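Participant:
In the working numbering, the protein residues as written are 237 to 736.
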């Protein structure tokens with residue numbers, strides 16, 4: 237595995253680069269050094285986009301903000317993960333600065349590689365009063381794993397990420413694996429008591445298992461055979477429902493949770509109807525084989541996701557929390573089946589993917605559907621107590637709507653209005669003023685509708701926060717070339733979570 241240790245002196249291998257005036261330097265950053273170092277490490281970034289290094293601070297800001305505003309309902313593990321994400325941000329900053337450097341001395345490289353882990357470890361020890369050895373174990377291992385994951389994504393999935401996008405995804409994977417491992421081990425020793433804790437542990441096993449299956453399938457070509465892959469999936473499903481992390485076993489608990497409540501059964505039937513209608517529409521639209529299939533399908537998918545999440549957030553928050561994680565696991569499974577050319581299923585999956593991908597899916601993996609689901613569900617997953625009203629003085633539905641508003645409603649309306657009615661371009665952007673206004677107006681109108689219906693409590697503070705969040709996300713959507721399904725929900729969630 238190539239790491240930042242492989243960064244060499246640009247002038248040594250390219251004598252012509254010795255001319256100072258020949259370097260493209262922006263502030264502390266040299267684009268020429270960055271391009272050369274990425275090429276020497278085998279990193280192929282997503283083409284025609286910026287580095288997006290600012291994305292690396294979003295996850296730490298989201299978690300630290302919520303750990304502060306929901307201090308009574310956020311648990312110890314949440315606070316630990318919040319401080320660990322700060323170390324991951326510093327780790328990315330270390331890698332990014334080295335990629336922009338002409339040459340890094342060996343000793344400096346070694347020392348600076350450890351510093352982010354040391355800082356997060358000391359924060360754990362000082363702020364949470366963790367045992368010093370345990371703090372160093374957590375901080376340094378998480379930072380080392382992040383570094384591996386970050387480089388792995390950029391090298392093994394070429395043309396799929398900017399540096400900032402890869403950082404954001406690597407942070408999410410690192411924090412999830414750490415948190416999921418702790419929760420599973422804890423549940424094996426002591427069964428969780430609350431329903432959402434039980435479902436969260438089951439989700440951790442499901443997502444951790446499918447990530448492991450995907451990694452093994454990638455790393456070992458033998459496992460890409462249909463029979464072996466089917467066996468791995470069978471083992472994964474068995475582990476999800478039979479691992480003794482709940483009492484009763486997960487398969488019984490999930491069955492009781494869904495089918496022993498009329499409200500959940502009703503929502504499940506509504507979801508089944510939506511999925512059936514969407515599937516029929518997708519099959520019909522693909523059969524037409526029109527050039528506008530991808531654009532139309534993405535709009536339909538956005539609409540469906542908005543409906544599903546709004547119904548769940550209003551009627552069955554806990555069920556939505558569980559279902560969104562399961563659907564993510566299914567998306568990963570289907571994408572793996574498509575990539576290994578699984579018999580019978582693969583051609584149909586390929587047709588569906590072609591209908592949904594956009595120009596930003598320039599790599600092998602189709603991330604567009606996954607990003608949309610993750611973007612809408614991120615506030616639900618990152619909130620310390622998404623479906624728990626015990627922290628009623630600070631809890632509000634507004635932060636949980638961040639993904640649905642910014643991506644499902646605002647981004648969709650900006651695209652529709654901008655493409656149909658847009659006449660005036662924004663400075664230095666392909667987006668239009670009409671699309672920007674539609675983005676802002678549609679989000680604010682949705683918030684006002686929820687307030688009118690009694691689902692949101694608005695005062696001067698929350699109204700101001702809402703306006704700031706909506707305008708900020710709309711402007712970023714219009715000006716940024718990064719994956720909006722990833723960063724818009726996080727930016728909106730951070731602002732909506734502020735409690736002055």
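For each residue, glycine too, the CB sits at the ideal point set by N, CA and C.
Owing to the predicted nature of the structure, the values given are computational and were not obtained by experimental measurement.
Have a look at 375, 477, 497 and flag the residue whose alpha-carbon is nearest the alpha-carbon of residue 488.
Facilitator: Position 252 of the chain shown holds residue 488. Of the listed residues, the one whose Cα sits closest to residue 488 is 477.
Participant: Counting only the same chain and skipping the five closest in sequence on each side, list residues whose C-beta sits under 6 Å from that of residue 594.
Facilitator: As a first step, residue 594 is located in the chain shown; it is residue number 358 there, counting from the start. Counting only Cβ-Cβ distances below 6 Å, and skipping sequence neighbours, we find 604.
Participant: With distances taken Cα to Cα, identify the nearest neighbour of residue 437 among 447, 423, 619.
Facilitator: Your numbering for residue 437 matches position 201 in the chain shown. Out of 447, 423, 619, 423 has the C-alpha closest to the C-alpha of residue 437.
Participant: Taking three-plus beta-carbon pairs below 8 Å as touching, is the stretch 567-581 in contact with the stretch 459-470?
Facilitator: Output reads yes: the stretch 459-470 touches the stretch 567-581.
Participant: List the DSSP bridge partners of residue 668.
Facilitator: As a position in the chain shown, residue 668 is number 432, starting the count at 1. Answer by DSSP bridge pairing, in chain order: 661.
Participant: Quick one: using the 10 Å Cβ neighbour count with 16 as the cut-off for buried, is residue 499 buried or exposed?
Facilitator: As a working mapping, residue 499 is identified with position 263 in the chain shown. The residue in question, residue 499, is exposed, as its Cβ has fewer than 16 Cβ neighbours within 10 Å.
Participant: Compute the minimum distance between the beta carbon of residue 325 and the heavy atoms of the ligand HEM, and state whether it is under 7 Å.
Facilitator: No copy of the ligand HEM appears in this structure; indeed no ligand is present at all.
Participant: Considering only residues of the same chain and omitting the five flanking positions on each side of residue 419, which have a CB-CB separation below 6 Å?
Facilitator: Position 183 of the chain shown, counted from the start, is the residue given in the question as residue 419. Around residue 419: 437, 440.
Participant: Tell me the rounded alpha-carbon separation between residue 555 and residue 405.
Facilitator: Numbered from its first residue, the chain shown carries residue 555 at position 319. Numbered from its first residue, the chain shown carries residue 405 at position 169. The straight-line gap from Cα to Cα measures roughly 25 Å.
Participant: Just to confirm the assignment: which complete alpha helix (DSSP H) runs, minimum length 4, are found wholly within the stretch 387-455?
Facilitator: Those alpha helix (DSSP H) runs which fall completely within the stretch 387-455 and span 4+ residues are 399-425, 431-455.
Participant: Are the stretch 678-693 and the stretch 635-644 touching, with three or more C-beta to C-beta distances below 8 Å?
Facilitator: Yes: at least three Cβ pairs fall under 8 Å.
Participant: Tell me the DSSP bridge mates of residue 357?
Facilitator: Mapped onto the chain shown, residue 357 falls at position 121. According to DSSP, residue 357 bridges with nothing at all.
Participant: Please work out which residues of its chain come closer than 7 Å, Cβ to Cβ, to residue 400, disregarding the five sequence neighbours upstream and downstream, and give them in chain order.
Facilitator: As a working note, residue 400 is residue 164 in the chain shown. Closer than 7 Å at Cβ, skipping near neighbours: 287, 288, 289, 290, 291, 292, 718.
Participant: In whole angstroms, give me the CA-to-CA distance for residue 309 and residue 303.
Facilitator: Here residue 309 refers to the residue found at position 73 of the chain shown. Here residue 303 refers to the residue found at position 67 of the chain shown. Cα to Cα, residue 309 sits roughly 9 Å from residue 303.
Participant: Around the Cβ of residue 434, are there at least 16 other Cβ atoms within 10 angstroms (buried) or fewer (exposed)?
Facilitator: Reading the chain shown from its first residue, position 198 is the one you call residue 434. The residue in question, residue 434, is buried, as its Cβ has 16 or more Cβ neighbours within 10 Å.
Participant: Comparing C-alpha positions only, which one of 566, 481, 475 sits nearest to residue 585?
Facilitator: For the purposes of this step, residue 585 is taken as residue 349 along the chain shown, with counting starting at 1. Among 566, 481, 475, the Cα nearest to that of residue 585 is on 566.
Participant: When burial is assigned at 16 or more other CB atoms within 10 Å of the CB, is residue 365 buried or exposed?
Facilitator: By 1-based counting over the chain shown, the position of residue 365 is 129. By the neighbour-count rule (16 or more Cβ atoms within 10 Å), residue 365 is not buried but exposed.
Participant: Which of helix, strand or coil does DSSP assign to residue 626?
Facilitator: Locating residue 626 in the chain shown gives position 390, where the first residue counts as 1. Unreliable positioning characterises residue 626 in this predicted model, as indicated by a pLDDT of 37, which lies under 50. The coordinate reading is nonetheless provided below. Reduced to three states, the DSSP call for residue 626 is coil.
Participant: Count Cβ pairs between the stretch 714-729 and the stretch 611-623 that sit closer than 8 Å; are there 3 or more?
Facilitator: These segments touch.
Participant: Report the option in 649, 549, 583, 710 whose CA atom is closest to the CA atom of residue 633.
Facilitator: Working through the chain shown from its first residue, we reach residue 633 at position 397. The candidate whose alpha carbon is nearest that of residue 633 is 549.
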